[in-house]
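Data first, discussion second: the structure below is written as structure tokens.
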Amino acid sequence: MSANDVIVHGCDTLPKLFLKVSAERGERIAMREKDFGIWQSYTWSDYRERACEIAWGLLSLGLERGDVVSIQSEDCREWLWADIGTLLAGGVVNGIYPTYQSRQVEHTLTDSNCRFLFAEDEEQLDKYLEIEDRLPNIERVFVFDWTGLRDFEHDKVAPLDTLLLLGREFGADNEGLIERIADEGSGDDLAALVYTSGTTGMPKGAMLSQRYILFQMTIAPEYLRQGADDELLTYLPLCHIAERVFSCWLPMAHGATINFAESPETVMQNLQEVSPTYVFAVPRVWEKFYSRVTTAMADATWLGRKAWEWAMRIGTRRADKIVANEPLSTYERLRYTIADRLVFGNIKKVLGLDRARNAASGAAPISPALLRWFLAMDIAIDELWGQTELGIITSTRKGKFRFGTVGPAMPGTEVRIADSGEIVARSDGQFSGYLNLPDKTAETLVDGWVHTGDVGELDDEGNLSITDRLKDIIITAGGKNITPSVIENELKFSPYVSDAVVIGDARKFLTCLIMIDQENVEHYAQTQSIPFTDYRSLCARPEIVDLIDTEVSRVNSGFSSVEQVKKFRLIDVLLTAEDEELTPTMKLKRSFVSKKYAGLIDSMYSRSA
Numbered sequence: 246m247s248a249n250d251v252i253v254h255g256c257d258t259l260p261k262l263f264l265k266v267s268a269e270r271g272e273r274i275a276m277r278e279k280d281f282g283i284w285q286s287y288t289w290s291d292y293r294e295r296a297c298e299i300a301w302g303l304l305s306l307g308l309e310r311g312d313v314v315s316i317q318s319e320d321c322r323e324w325l326w327a328d329i330g331t332l333l334a335g336g337v338v339n340g341i342y343p344t345y346q347s348r349q350v351e352h353t354l355t356d357s358n359c360r361f362l363f364a365e366d367e368e369q370l371d372k373y374l375e376i377e378d379r380l381p382n383i384e385r386v387f388v389f390d391w392t393g394l395r396d397f398e399h400d401k402v403a404p405l406d407t408l409l410l411l412g413r414e415f416g417a418d419n420e421g422l423i424e425r426i427a428d429e430g431s432g433d434d435l436a437a438l439v440y441t442s443g444t445t446g447m448p449k450g451a452m453l454s455q456r457y458i459l460f461q462m463t464i465a466p467e468y469l470r471q472g473a474d475d476e477l478l479t480y481l482p483l484c485h486i487a488e489r490v491f492s493c494w495l496p497m498a499h500g501a502t503i504n505f506a507e508s509p510e511t512v513m514q515n516l517q518e519v520s521p522t523y524v525f526a527v528p529r530v531w532e533k534f535y536s537r538v539t540t541a542m543a544d545a546t547w548l549g550r551k552a553w554e555w556a557m558r559i560g561t562r563r564a565d566k567i568v569a570n571e572p573l574s575t576y577e578r579l580r581y582t583i584a585d586r587l588v589f590g591n592i593k594k595v596l597g598l599d600r601a602r603n604a605a606s607g608a609a610p611i612s613p614a615l616l617r618w619f620l621a622m623d624i625a626i627d628e629l630w631g632q633t634e635l636g637i638i639t640s641t642r643k644g645k646f647r648f649g650t651v652g653p654a655m656p657g658t659e660v661r662i663a664d665s666g667e668i669v670a671r672s673d674g675q676f677s678g679y680l681n682l683p684d685k686t687a688e689t690l691v692d693g694w695v696h697t698g699d700v701g702e703l704d705d706e707g708n709l710s711i712t713d714r715l716k717d718i719i720i721t722a723g724g725k726n727i728t729p730s731v732i733e734n735e736l737k738f739s740p741y742v743s744d745a746v747v748i749g750d751a752r753k754f755l756t757c758l759i760m761i762d763q764e765n766v767e768h769y770a771q772t773q774s775i776p777f778t779d780y781r782s783l784c785a786r787p788e789i790v791d792l793i794d795t796e797v798s799r800v801n802s803g804f805s806s807v808e809q810v811k812k813f814r815l816i817d818v819l820l821t822a823e824d825e826e827l828t829p830t831m832k833l834k835r836s837f838v839s840k841k842y843a844g845l846i847d848s849m850y851s852r853s854a
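Here my numbering is used: the first residue of the sequence shown is 246, the next is one more, and so on.
Structure, rendered in structure tokens:
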């Protein structure tokens with residue numbers, strides 16, 4: 246170990262740490278996953294056994310230190326087994342978003358010079374088979390779920406069980422090999438490639454060292470407060486750096502139990518079943534909670550609505566006092582206890598938040614109004630900020646509420662504002678550069694500081710406020726600088742708006758493309774007897790356009806005239822993470838949307854509009 250290594254439990258690499266803690270934790274539960282509708286548990290001993298079998302299997306096939314192994318799958322236990330198994334063998338893990346199309350898969354596999362590929366199922370395997378002739382570097386492909394492939398034969402493709410069997414046989418003759426490989430590792434070793442989501446151009450492979458990984462582990466439990474007794478629900482792609490931190494690296498260091506969501510579509514149901522104690526979610530999920538409650542209250546009885554309004558008045562007053570750091574009287578505490586038992590407790594149970602001791606939001610800005618709404622129910626959400634290149638850099642602190650900020654820098658990190666207004670940061674565990682892209686690395690990493698591309702401000706207490714992406718700042722034809730994300734976040738606080746993109750660069754006024762919330766808008770249409778046949782026809786209904794117009798007008802009232810959205814259009818195609826308009830974390834890609842819907846945008850600026 247060198248003097249500048251990051252040490253966790255006496256270890257300077259993840260393989261050393263895994264071997265240590267998996268032996269110590271033994272039969273404690275490490276993870277759970279549903280199998281035929283029943284939650285099945287897997288211990289740390291199970292975790293270790295499968296990871297070692299995969300490591301031995303890869304070594305038997307000739308894997309050498311530094312070779313890249315890719316995982317193309319939704320979240321599941323096998324994802325983590327393959328992840329840790331690859332690292333134990335001295336390899337480098339490259340996670341591929343399961344929503345990637347074949348051309349994106351080809352780019353990441355070629356750019357990383359990947360030798361071995363893990364694919365989740367027949368669907369993910371098909372993406373490889375489409376481009377197989379252009380990927381001579383891929384030597385073997387192992388499939389987690391062989392369902393539907395029973396009669397399939399391919400020289401390079403086999404079920405995961407084949408690799409596990411190879412591993413068991415090889416391991417029996419090579420006792421101690423994994424431990425020797427781990428002992429030879431250091432904090433400088435390349436551990437993972439994380440390809441950026443590609444909002445502009447093809448994804449870039451950020452190189453993350455073992456030091457980077459262990460540094461993220463040091464953030465808890467003091468700041469992110471994840472501990473051994475916590476339960477988490479894992480549902481964001483494990484390729485995404487935030488989910489990897491919360492569901493792989495922090496539990497590795499501190500022993501929390503992770504529960505894999507069945508699919509992106511069942512997250513809300515699985516939250517109810519698990520009732521996690523620690524909830525990390527992107528803003529879209531927190532917005533979904535709010536929308537569900539809003540819709541439920543619209544259908545509630547008169548008494549139910551009045552009870553909710555009464556409880557919210559009490560909760561909001563309490564939240565305002567907490568934010569202002571003012572003491573609560575005995576009477577106020579008693580009133581809130583009654584409101585929680587009669588109303589909030591039931592709501593939180595329905596949402597699966599009744600056991601949530603800690604909550605966090607990241608990956609995108611979140612509306613301060615939404616944070617205040619949750620705090621009224623005694624759910625204090627920490628807001629985090631970071632990037633793939635840096636990991637998590639800032640976080641709000643427990644009991645200190647500065648809505649509109651993402652808190653001060655974590656220990657071991659520094660944040661400052663450049664003359665251009667851009668946020669630059671550095672940490673003891675930042676990335677090592679972009680694979681095969683020295684010019685891009687030089688643009689981003691300057692004199693040890695990562696240029697984030699975000700614009701922000703620091704207050705007197707060191708709390709960071711993210712204004713917008715530097716490239717997204719709108720300068721109107723009149724020369725006014727507009728930060729679109731502030732307006733967009735207020736629009737997304739509406740239960741009827743899923744996402745929004747504000748347009749206006751070099752234009753006379755602001756316009757907006759809006760994606761409606763399908764579930765809530767359909768519910769509204771049904772309760773109002775508004776006929777529609779599909780999503781497109783729903784967006785075309787004048788009553789729905791009027792509904793969204795009301796929401797836009799509400800948001801406009803909080804902004805000056807030049808910052809108000811003058812016209813809007815609805816994106817009438819139901820988008821999913823598989824569509825190129827969305828990132829894997831369900832954010833609209835501004836530049837892509839602006840190009841694809843250029844005609845729709847131009848229609849808002851035509852004289853006849």
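Backbone N, C-alpha and C define an ideal beta-carbon position, used for all residues, glycine too. Model, not experiment: these values are computed from the prediction.
By Cβ distance, which residues of its chain are closer than 7 Å to residue i, with the 5 residues on each side in sequence left out?
i                 : result
phenylalanine 777 : Ala770, Leu783, Arg786
proline 613       : Phe648, Gly649
tryptophan 618    : Tyr535
With DSSP as the reference, label residue i as helix, strand or coil.
i                 : result
cysteine 862      : Not covered by the structure: residue 862. The range shown for the chain is 246 to 854.
alanine 614       : helix
lysine 725        : coil
leucine 511       : Inspection of the sequence shows that residue 511 is occupied by threonine rather than by leucine. Here threonine 511 sits in helix by DSSP.
glutamate 675     : Per the sequence shown, the amino acid found at residue 675 is glutamine instead of glutamate. DSSP places glutamine 675 in coil when its eight states are reduced to three.
methionine 849    : helix
phenylalanine 589 : helix
proline 404       : strand
threonine 444     : Note on threonine 444: pLDDT 47, under 50, position unreliable in the model; the coordinate value appears next. In this structure, threonine 444 counts as coil in the three-state DSSP scheme.
methionine 462    : helix
Taking the alpha carbon of residue i as the reference point, which residue from the options has its own alpha carbon closest?
i              : options                        : result
glutamine 346  : Arg835, Ile718, Glu375, Leu325 : Glu375
lysine 753     : Ile711, Gln809, Val588         : Gln809
proline 343    : Glu571, Gly803, Leu483         : Leu483
serine 318     : Glu367, Leu690, Trp555, Ala608 : Glu367
glutamate 796  : Glu735, Val807, Asp750         : Glu735
threonine 641  : Pro653, Gln632, Glu634, Thr633 : Pro653
isoleucine 383 : Arg395, Thr355, Leu573         : Thr355
valine 538     : Met622, Asn603, Ala564, Arg600 : Met622
glycine 560    : Ala552, Ala584, Ser574, Lys551 : Ala584
cysteine 493   : Arg600, Trp289, Val651         : Trp289
arginine 602   : Val731, Gln471, Val568         : Gln471
alanine 608    : Tyr741, Thr575, Glu488, Ile662 : Glu488
Looking only at its own chain, which residues have a Cβ that is under 6 Å from the Cβ of residue i, when we skip the five neighbours before and after it?
i                 : result
threonine 353     : Ile341, Tyr440
phenylalanine 525 : Phe491, Ala605
threonine 712     : Val700, Gly701, Thr728
arginine 360      : Asp312, Glu384
serine 677        : Met452, Ser454
glycine 330       : Ala296, Ile299, Ala300
Compute the distance between the beta-carbons of residue i and residue j, then report whether it is under 8 Å.
i              : j                 : result
leucine 459    : leucine 259       : yes
aspartate 673  : glycine 432       : no
arginine 277   : serine 267        : no
isoleucine 638 : tryptophan 630    : yes
glycine 500    : alanine 473       : yes
leucine 758    : valine 838        : yes
methionine 462 : alanine 498       : yes
valine 386     : alanine 364       : yes
valine 300     : alanine 275       : The question names valine, but residue 300 is alanine in the sequence shown. Contact flag unset, no.
serine 305     : phenylalanine 415 : yes
Which value, in whole angstroms, describes the spacing of the CA atoms of residue i and residue j?
i             : j                 : result
cysteine 321  : phenylalanine 505 : 6 Å
leucine 845   : threonine 756     : 11 Å
lysine 643    : leucine 469       : 9 Å
glutamate 510 : tryptophan 284    : 17 Å
proline 683   : isoleucine 719    : 30 Å
serine 802    : methionine 849    : 21 Å
glycine 597   : proline 466       : 23 Å
glutamate 398 : proline 404       : 11 Å
histidine 254 : aspartate 475     : 19 Å
lysine 737    : tryptophan 531    : 11 Å
aspartate 750 : tyrosine 679      : 30 Å
aspartate 879 : serine 665        : Shown here, the chain extends from 246 to 854; a query on residue 879 therefore has no answer.
serine 851    : lysine 812        : 11 Å
alanine 564   : isoleucine 626    : 12 Å
Near residue i, which residues of its chain fall below 8 Å by C-beta distance, leaving aside the five closest residues on each side in sequence?
i             : result
glutamine 773 : Glu788
What I want to know is whether the C-beta of residue i ends up closer than 7 Å to one or more non-hydrogen atoms of the ligand NAD.
i            : result
tyrosine 523 : In terms of ligand content, the structure shown is empty, and the ligand NAD therefore cannot be addressed.
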